[in-house]
Each structure stands twice: as C-alpha cells, then as structure tokens.
Amino acid sequence: MKNNDAIISSQVKSSYIYDFLITGANFGNKGAESMLYVTVDELTKRFPSCNIYFATTENYPEKNYTFRKVFFSNRTSRIAMGGPNALKALPEEILRDVVKFVIGRRITGFRNYFALSKCITDIDAVIDISGYSLSSKWGNRIPHRYINKILLAKRFNIPMYLMPQSFGPFEYTPDVMQKAKPILKKVLDYPRIIFAREQEGFDSLNELRDSQNQNMRTSADLVLQNTGIDMRNIFKNPPALSIPKIESEKELVAIIPNMRCFDHGDKNEILEAYKEIISCILSQGYKAVLFRHSREDIKACHEIKEIFSEDENVIVVENEFSCLEYNEFVKQFKFLVCSRYHGIVHAYKNIIPCIALGWAVKYKSLAERLGQDRYVFDITGRINIREIVDALRELMKNYDSEKGKIQHNLTLIQKNNCFDAVEEDIRMLRNKK
C-alpha cells in the first residue's frame, strides 16, 4: 500500500503546474535584466511547464517572452489586498490615469487595475529579486513599495523568497526609524528564506529585526551561481545576439564606467583616475575599449575618451547590449576596469579578472568571494590613484594566477545554488497539502 501511495504522490508532484510571481526586476538596468533571465531559467529548469508572472509597470514586447506580464504598482497591490486600502487606491489609480491621459502619457488602463487581483490567488510562490532596495541609502522615506510586496504575499498566505540582494544600512532619522522599525520587523519575519549577498547586510537586517526567526542566509549573487542560461526558457523564439568584433592586433582591455560614481564622488578626480589607469594600460601595449553596461553610462564613456581624443588605441563602442550580449562581448577582453556590479559578475563568470571601481560594500564582498579583494577601490571619496595603478600592474604581472583563483572560487560558489534551497522548500510545502 505504501508503494502505491508513493507512486500516486510522485505522479501528483510531477503533474502539478506551479505558478510563480517574480518581483523586483526591470529591463532598464542590465543587472536587473540579468537577474530576471536567470530566475526564469532556474525556475523553468526545476519546475517544467510552470507559469511565470513578471510584476512590472514597464512597457516591453511581451509576446517575445515565455513569462507573462502583470501590472504591479503600490496602488494595484493595495487593490489586490482588498479592504479600505483598496477602496482608496482604485480612485487614486483612475485619477492618475486621467492626468496621464490629459498630458499625453501612456495610461495604466482599467484592465491592469485588477490584473494582479486576478492572478494572485493562484500563485504558489513570490520570488523577489530586488538588487538593492531596502536601505536608507536611497533617502529618508520608508520603502513602502518593497514592504507592500511582502504584505501582499502575507495577505494571501503565499510563500515568499527574497533572493540574494543587498540590505542596509538603516540610518534613518530617529522619527522615521521609530515608524520604520516595527513595520520592517513585522514584514521581514514573513519570507520563508531571506538571502543576503553581504555579511554586512545580513548583520544589519538581523539587528533591525531583533528576531529569533532563522529565515536568513548569506549567498553569492544569483547570476554568479547560474552555470548557463537556456534561452528557450526565456524567449519564445530566441533572438540572434549582436556581438561586435573588435579588430585589433593588440590585446583588449575593457573600460566600463558608471555615471553614479560621478554623482557620488568628485568628477574631476575620477576622470583623472581614469586618465592614469588608461595611460598605464596603453603603456603595456593594450588597446582600451570604452563601453556601457547601463544606458546612461555612454556619457561617461565619451567624457573619458575626450582625454584621449587623438589616441586611436582608445575607442568607444556605442552599442547598448542586452545582458546576454554583454556576457558574450566581454569574452574578447584580457581584463576589465569596471564600475558596474553585474558587469563585474559577468566577467567573473567568464573567468576574466577585473579592477573594480565602485563605492558600495557589495563590490568588496563580491571580489572577496572570488579571491580578488586586492583589486577593489572606492573612487567616490579620496582617490589614491597610485594605489590603483600599482594594483593594475600587479594584476597584469600575476594575470594567470589571478585567473586561477577566480576559476577555483567560482567552482566552489556554483556548487551551492540558492534556487536549490528554494525548490526544496516549495516542494516540501506542496507535499504537505
């Protein structure tokens, strides 16, 4: 009898079609796009035939993708939760559309007001892939959009997983903190698993919660853990990737700036740092190629190129790559000087060393996981250009051994995939029903 029960249970498990809602991603940021594709791929491999809904307000060519769009905003989440908040949110959303219509902007549309309400009751799990949203670093306002995602899952008793992301610091003013702390403590006990990318984020969140709930873990970035995307899991008809080939007799070094560094630091000092870095690279016989990881960064590429306006060994590639195209394009380069987090992630995935120029702790933590913390520098404060150039020379000198470190550590990281834990938990919950 037990054997028959096991067979029936196995058949039910294999035939059940799961529905997932992905929150926190977007197409405007290549790192977020990359996390979206990896998540869809990982879920599809583990749960064949599953239905995946992408929560967004963006307008993109939905017909090209295997996942479905569901309009998700603060107001539509409040509408879906029902009650007095829904009665207030609906007229607010209608009024917002009227204003947008008058000024000639694209409206949300009545159909989208209730799209989330229609699908939410069928969702088996909410998978949040925000990169870095829950922090006072973005201002003194409580992150209600983030909180509402968790409250929505809790309202319908849907398991929720906060995938590897950065948290904290939580340095709100005392009056804001007095309001924020009880709210955050309450909602952060709900997710089944919370993955923090950095130990600092793990500690900040635990201190904020002051909770005995054991739902927190540290984990490497989910894109780094993925061993390869099957494009058929993402696209109905996988597109051809546009990968320009850089013709050069010299070996290539990529320079990938970040406009946010200019915002957080002294622009003139940062440009001077790039001048010294690229001059060092050119002196060693390389060709420097400037290109963007995010749309806005093309401006920084051109400003750096102006310093070397007469030098044909410094060029700008204008292409705006998808995350998949970027992953292939970087394979042409000996190493990168990069200021975008997921730009560095994709380099490490391809066993390409980097000089990482950032400001957030996530850069340091990422590099440490790959044994590359010697090559991370904050360029938003006081810049020690000599220290950066010395590290650059060291990287070029020890290039093969640094590649070996990256290869070794990447193998260790990819032995433990955060989606394994999520799959195990989801299936365990399903088998209890």
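Under our numbering, the residues of the sequence shown are numbered 8 to 440, in order. Glycine included, each C-beta is placed from N, C-alpha and C at the ideal position. These numbers come from a predicted model, not from an experiment.
Q. Is leucine 364 helix, strand or coil by DSSP?
A. strand
Q) Hey, histidine 353 and tyrosine 333 are a contact pair by Cβ (cut 8 Å); roughly how many whole angstroms apart? A) Indeed, because the Cβ distance is near 6 Å, the residues count as touching under 8 Å.
Q) For the ligand NAD, is there a heavy atom less than 7 Å away from the beta-carbon of lysine 274? A) The model on display carries no ligand, and the ligand NAD is accordingly not part of it.
Q) If you follow the beta strand (DSSP E) that isoleucine 351 is part of, which residue opens it and which one closes it? A) It is not in any beta strand (DSSP E) - isoleucine 351 instead sits in the alpha helix (DSSP H) that spans 348-356.
Q: Please work out which residues of its chain come closer than 7 Å, Cβ to Cβ, to glutamate 256, disregarding the five sequence neighbours upstream and downstream, and give them in chain order.
A: Taken in chain order, the list of residues that qualify is empty.
Q) Going by alpha carbons, who is nearest to tyrosine 120 out of Thr234, Arg393, Asn147, Phe79? A) Closest by alpha carbon: Phe79.
Q) Going by other Cβ atoms of all chains shown within 10 Å of its Cβ, with 16 needed for buried, is glutamate 409 buried or exposed? A) buried
Q) What is the DSSP secondary structure of proline 171, counted as helix, strand or coil? A) strand
Q.
Using C-beta distances below 7 Å, list every residue in its chain close to lysine 9, excluding the 5 sequence neighbours before and after it, in chain order.
A. Only weak support is given to the placement of lysine 9: the predicted model assigns it a pLDDT of 40, under 50, and the value that follows is read from those uncertain coordinates. Its chain contains no residue whose beta carbon lies nearer than 7 Å to that of lysine 9 once the 5 sequence neighbours on both sides are disregarded.
**Q.** Minimum C-alpha distance to isoleucine 250 - residue among Phe298, Asn265, Gln206
**A.** Nearest C-alpha to isoleucine 250: Phe298.
**Q.** Residue of Lys440, Phe426, Met435, Glu431 minimising C-alpha distance to leucine 169
**A.** Phe426
Q: Using alpha carbons as the reference points, say which of Arg437, Ile157, Val296, Leu229 lies closest to methionine 88.
A: Ile157
(Q) Rounded to the nearest angstrom, what separates asparagine 81 and threonine 46 at their Cα positions? (A) 23 Å
Q. Once you ignore the five residues that flank asparagine 147 on each side, which residues in its own chain have a CB closer than 7 Å to its CB?
A. Excluding sequence neighbours, asparagine 147 sits near Tyr179, Thr180, Val183.
Q. Alanine 203 lies in the beta strand (DSSP E); which residues open and close that run?
A. 200-203
Q: Since I believe glutamine 379 is in contact with isoleucine 420 (beta carbons under 8 Å), could you give me their beta-carbon distance rounded to a whole number of angstroms?
A: With a Cβ gap of about 13 Å, isoleucine 420 and glutamine 379 do not count as contacting.
Q. Which class does valine 324 belong to by DSSP, given the choice of helix, strand or coil?
A. coil
**Q.** Cβ-based neighbour list, glutamate 394, same chain, cut-off 8 Å, excluding 5 preceding and 5 following
**A.** Phe384
Q. Can you tell me whether DSSP reads asparagine 424 as helix, strand or coil?
A. coil
**Q.** Reference glutamate 303, options Ile165, Glu327, Asn155, Asn320, closest by Cα
**A.** Nearest of Ile165, Glu327, Asn155, Asn320 to glutamate 303, Cα basis: Glu327.
Q) In terms of alpha-carbon separation, which member of Ile127, Lys243, Ala187, Tyr370 lies closest to glutamate 207? A) Here the closest residue by C-alpha is Tyr370.
**Q.** The beta strand (DSSP E) enclosing threonine 1, as first and last residue numbers
**A.** Lying before the first or after the last residue shown, residue 1 is absent from the chain, which here runs from 8 to 440.
Q | Contacts around tyrosine 25, its chain only, beta-carbon distance under 6 Å, and the 5 residues preceding and following it disregarded | A | Contacts found: Phe54, Cys57, Asp131.
Q. In terms of residue numbering, what span does the alpha helix (DSSP H) encompassing methionine 238 cover?
A. No alpha helix (DSSP H) holds methionine 238; DSSP gives it neither H nor E.
Q: At 3 residues or longer, and completely inside the segment 369-439: list those beta strand (DSSP E) runs for me, N to C.
A: 383-385
Q. Are phenylalanine 336 and leucine 402 touching if we call contact CB-CB under 8 Å?
A. No; because the gap between Cβ atoms is not below 8 Å, this pair is not in contact.
Q | Nearest-angstrom Cα separation, counted from aspartate 135 out to aspartate 432 | A | 15 Å
Q.
Judging by CA-CA distance, which residue of Glu99, Thr83, Tyr23, Phe74 is the nearest neighbour of isoleucine 29?
A. Phe74
Q: Using the Cα positions of glutamine 172 and arginine 434, report the straight-line distance between them to the nearest angstrom.
A: 23 Å
Q.
Is the separation between the beta-carbon of leucine 212 and that of phenylalanine 174 shorter than 8 Å?
A. yes
Q: Mind listing, in chain order, the continuous beta strand (DSSP E) runs of no fewer than 3 residues lying wholly within the segment 207-295?
A: 223-225, 259-263
Q: Can you tell me which of the three DSSP states isoleucine 165 falls into?
A: coil
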